[in-house]
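See structure below.
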Amino acid sequence: MAGTTMTKLTRNKFIPFLDTAKDTTFTNCTWKRIDFSTIFELAMGEKEEDMDYICYENAVTEVTSNKPELPQEIALYEGNPMYDFMIAEFEDMPVGDECKVPFLICFGGTGKVAWEGVATLTEKKLNTVDGVLTFTLKMGGDITKGTYTITDGVPTFTATPTI
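Going from the sequence shown to my numbering is simple: count from 1 and add 91.
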């Protein structure tokens, strides 16, 4: 590794945003950062299929699709835009398409890689003892890959051209 420069990527470099306007057309999004959270464990959620190819003695596992999900929480600070959005989602008890919210996941690193799509908000739990409202972003469906910039706390997403 001689001559290689390494940069330690810290938790604050991986930034999840939700569109509190819930504009699934992505024309007038109001992006707010999930900020007062102590968890970030993005799971790819691979769907697997075992294949019994005749050229192998044992089955081979193939990944056929992905369904990422991100369990999250927000601390109970009234006046914080993300808490105010999530407590309204909890109190309104939405169902169906009302549970859909645009998301933007900005990955740390020099590549400025981002995912944009519509997630389903599920598993909402209010825990007043721990002082958090927990929820899960289930990001199935179409996820657009691209890059991002953040200016004054507001992200701008640029989709990667498809061939």
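Positions of the beta carbon are idealized from the N, C-alpha and C atoms, including for glycine.
- With fewer than 16 other Cβ atoms inside 10 Å of its own Cβ, D143 counts as exposed.
- For P193, the uninterrupted beta strand (DSSP E) segment begins and ends at 191-197.
- Within the segment 128-169, no complete alpha helix (DSSP H) segment of 4 residues or longer occurs.
- Counting the other Cβ atoms within 10 Å of the Cβ of A205 gives 16 or more, which makes it buried.
- Going by DSSP, D110 is part of the beta strand (DSSP E) stretching over 106-110.
- Cβ atoms of K158 and G237 stay farther apart than 8 Å, at about 20 Å.
- Here I106 has R124, C197 as same chain residues with Cβ atoms under 7 Å from its own Cβ, once five neighbours each way along the sequence are excluded.
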